[in-house]
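Heads up: the structure comes next, in structure tokens.
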Amino acid sequence: MTESATARLRSRRTVAGVGVLVLLAVAVLAFVPGDVTSQLDNVVLEVGFLSATIQAAVPIALAGVGGLYAEKSGVINIGIEGLLIVSAFTSVVATYFLTGTVGDRTAVWLGFVTAVVVSALFALLFAVICIDFKADQIIAGLAVWLLALGLAPFGSTVIFGQVNSAGVPVFQRIAVPVLSELPVVGPTLFDAYPTTYIMFVVVPLAWYVLKRTPYGTWVEASGEHPEALDTAGTDVRRTRYASVLVSGILSGIGGAALTLSSAGRFIGTGATMVDGRGFIAIVTYLMGNYNPIGTFLSAMLFAGMESFQIRLQQLGIDVPAALIGIIPHVSVIVVLVFFGYTRIPDRAGEHYESGDE
Amino acid sequence: MSERDAGGVREAARAAVERLVGASRLERALVSVVALVLAIVVGIVFVFVSGFFVPDAECATPFLATPVGLFCYNPFTVFYFLVVSAVSSPFNLAITLQATSILVLTGLSVAVSFRAGLFNIGTQGQMVFGALASGLIGPWLVGQVTQGAVGGAVVIVGTVAAAGIVGGVYGAIPGVLKAYADANEVITTIMLNIIASGIAFTVVSEYVNPGGNIQTEPLPSWAMLAPIVAPPGSRFSVLVLAGALVGAAGLWYLLNYSSFGYDLRVSGLQPEAAAYSGVDARRVIVATMTISGIFGGLAGAAFVLMAQGYWTDGLPAYGFDGITVSVLAINSPAGVVPAALLFGVLKSGTIGFQTSPYVSVPPQLADVLRGIIVLLVAMPEFVRMVGVRAGIGSLGEEGVTAPPGGDDADADVEVSPND
């Protein structure tokens, strides 16, 4: 197929995908009783909805950008769900144990740092398995997920006596002086949790690094044409390690955002409180075509659906909660069907053996 | 391509596949065994370390008191009672075999798709829907027949058929999405698991039992699979185990002696070779996922008809355990049976030792060990290296009797954080 034909097919599928998503939204609204539909304008246009969406986007967007780096470099990290679980859990545990000795505010920050470190260590373990021990990346990623899915509820039961943890202190919102006074933009963007600000720094930075720095070029080459990178004298192995580590650090921030910027506890029942966000994150970078900005926008889309369903429940609208709860997951499948063709890096998923060894 | 050429390519592909498989089969089985032993070693260290985090007030009989704190769990007791409580009484053995039978089914569900190169994580959701179908069709059938052996048989056969069909259809969905829209099956199946729970929960809480418990109407005992050889009152039926073993044998035959099975295996090993030799990749994908879904659905029926008697929210994670069973069994139907037995022991042992006064480790230990096992089996290179160092000659050139150094180093770091 020629280049332009592919592009045309692509844009047609994109249009179709957006169309289906809109249809899906309409179908959901059809389920909502009539007297409520009139309230919906308020639901979506409210300032609270927007800031809830941004907050819900933090774990997904950060994990998505992290996963993007790993996959760009040639290591498909399907275990980021596990990294989110691990960091969500360790952030709560560390905060819980420290809060008595160092005070709440410091404890939360230390809990946050611990979560990022532990998540990075897990990512490092994953990197060793995939890069040095040549494991199948998909199986290894599943292993990281399954391990986290076992470890966190187990640890919670050991420490707290049940799979859900005790409550811990959370981050305080930080209001930027002056800017937070602005209408609409102020309360949504400039009166937020630290993790939200981190996301707003990380997303453009990740874009800049990927597109405008030598490291970004190495990441790209490491996933597309590792031999070329090798020949040019850059260590493929090191590039891949660094990129997987990025996915660990960013997922760590995301997982901690889930607990320390909102829930204030770890919930370990079923799929845990992470509830598939790591897998949704993978879909966001596919949908965003490996562009950090696009990834962020996709994350906003899924986060919007998440806060929409929470909003419906808060308003006491009589739609089965469990049914609304699956909206984001159904959308993931719809998106994959229409964007699943995204061309993944040529050598992603493959082990690379340097000629030097 | 002419008929003749196609035949030639097909022959060459077959030879290549047979060589690949034959050479590595034994080695991979050995890797599984070594990984398992390693997993137990890692598990022992893990249990010991996690004992440190038990609040001191909760720890009546610490295993080890050190200056840094109490280590509450004795890992050796834990693993000893894990095995003992899985087999110690006929009743406990029945629980072990109950888990084993269901795990054979979920293991086969995963194995058939993995063999085709499809990472189907959706067995859990297929099982949830199979169980839901059983929980809905079963009580309805009970109302249609008269109580008795014949009536019971009708209910059971009808329920099993319904669960298989529902599971198969639900399994086919990600197959179709993969075959025709190239949607990554790992993600679609995981999403479909969550969707299955959400839909099942909604159906039962809104329509079947509104305002009550989130469960379907219990089946009367005459419409369930009775314990035949197991002690009365236990929830294990040898019929399920027999059925699961027949399933394993059937899948083994299908994979190894049918042209469809050949297409499936080639698709998994060398998709390009499969395409060259005229395999219809889309058909193989959809058919494989359907078979996988049928096994998942049947696992749900087995759970309802043998163990629980009704569908309930929060089914045990037999579907995810099926991944471990299959990976450990190197995705072979014959290997699934021992792997499922092993995991049955793990499942029932971790539940069983809750009643032991000597063990206070949470039952989620089974899920941790599940993760460790998959992790180790995922890196055959590492396991091979450890195996060679431990003196298992066939994993390498020569056995060296030095202890597995890398592993010891890990243990040191974990046990004494002061170092």
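First to last, the protein sequences are chains A and B.
Be aware that the first sequence starts at 1, since it is given in our numbering, and climbs by one per residue.
Be aware that the second sequence starts at 1, since it is given in our numbering, and climbs by one per residue.
The C-beta atom is built at its ideal place from N, Cα and C for all residues, glycine as well.
Every value quoted in this text rests on a predicted model; they were computed, and no experiment measured them.
- Less than 8 Å separates the beta-carbon of A:Leu-260 from that of A:Ser-91.
- In this structure, DSSP gives B:Gln-215 an extended state, which the three-state scheme calls strand.
- Within chain B, the C-beta atoms nearer than 8 Å to that of A:Asp-136 come from Ala-378, in chain order.
- Burial state of B:Ile-228 is exposed, judged by a 10 Å Cβ sphere holding fewer than 16 other Cβ atoms.
- The C-beta of B:Ser-205 comes closer than 8 Å to at least one C-beta of chain A.
- DSSP, read as helix, strand or coil, puts B:Gly-69 in strand.
- Residue pairing from DSSP leaves A:Leu-182 without any beta-bridge partner.
- Between B:Phe-129 and B:Ala-200, the C-beta spacing is below 8 Å.
- Counting C-beta pairs with one atom in each stretch, the segment 304-321 of chain A and the segment 83-90 of chain A have fewer than three that are closer than 8 Å, which means they do not touch.
- Within the model, the alpha-carbon separation for A:Ala-148 versus A:Leu-182 is close to 42 Å.
- Less than 8 Å divides the Cβ of A:Ser-73 from the Cβ of A:Ser-243.
- Counting along the chain, no alpha helix (DSSP H) covers B:Asp-280, and no H or E run does either.
- At a cut-off of 8 Å between beta carbons, A:Pro-153 contacts chain B.
- Against chain B, the CB of A:Leu-336 has a partner CB under 8 Å away; the residue lies at that interface.
- Among the residues of chain A, none has a CB under 7 Å from the CB of B:Thr-123; the nearest is roughly 13 Å distant.
- In terms of CA proximity to B:Val-345, B:Ala-86 leads the group B:Arg-25, B:Val-34 and B:Ala-86.
- Taken in chain order, the members of the segment 157-169 of chain A whose beta-carbon sits within less than 8 Å of a beta-carbon on chain B are Thr-157, Val-158, Ile-159, Gly-161 and Val-163.
- Counting only the Cα atoms, B:Ala-301 lies some 12 Å from B:Ser-101.
- Secondary structure in the segment 148-231 of chain A: the alpha helix (DSSP H) runs of 4 residues or longer, each lying completely within the stretch, are 185-189, 194-212, 214-224 and 226-231 in chain order.
- Relative to A:Pro-345, the option among A:Val-332, A:Ile-76 and A:Leu-323 whose CA is nearest is A:Ile-76.
- Bridge partners of B:Leu-64 according to DSSP: B:Phe-71.
- Per the C-alpha coordinates, the member of B:Thr-106, B:Glu-27, B:Val-42 and B:Gly-51 positioned closest to B:Gly-297 is B:Thr-106.
- Neighbours of B:Val-368 in chain A, taken as residues whose beta carbon is under 8 Å from its own, are Leu-147, Gly-150, Leu-151 and Phe-154 in chain order.
- The beta carbon of B:Leu-251 sits closer than 7 Å to those of Leu-108, Val-112 and Pro-333, all from its chain and outside the five residues before and after it, given in chain order.
- Interface annotation, B:Ala-99: not in contact with chain A, CB-CB separation never under 8 Å.
- Across the structure, B:Val-286 and A:Gly-155 are spaced so that their CA atoms are roughly 40 Å apart.
- In this chain, A:Arg-265 is not harboured by any alpha helix (DSSP H), its DSSP state being neither H nor E.
- In the three-state reduction of the DSSP assignment, A:Thr-272 falls in the coil class, being assigned neither a helical nor a strand state.
- The beta carbon of A:Ile-282 sits closer than 8 Å to some beta carbon of chain B.
- If you check each beta-carbon in the segment 36-53 of chain B against every beta-carbon of chain A, the ones closer than 7 Å belong to Ser-50 and Phe-53.
- Against chain B, the CB of A:Ile-80 has no partner CB under 8 Å away; the residue lies outside that interface.
- Per the Cβ contact rule, the segment 309-324 of chain B is in contact with the segment 369-376 of chain B (3 or more Cβ pairs under 8 Å).
- Among the residues facing chain B, A:Ile-326 is included, as its CB has a counterpart in that chain under 8 Å away.
- DSSP, reduced to helix, strand and coil, places B:Thr-312 within a strand of the structure shown.
- Each residue's CA atom was taken as its position, placing A:Ile-198 and A:Val-93 some 22 Å apart.
- Excluding its 5 nearest sequence neighbours in each direction, A:Ala-303 has C-beta neighbours in its own chain below 7 Å: Thr-53, Ala-56, Ala-57 and Ile-60, listed in chain order.
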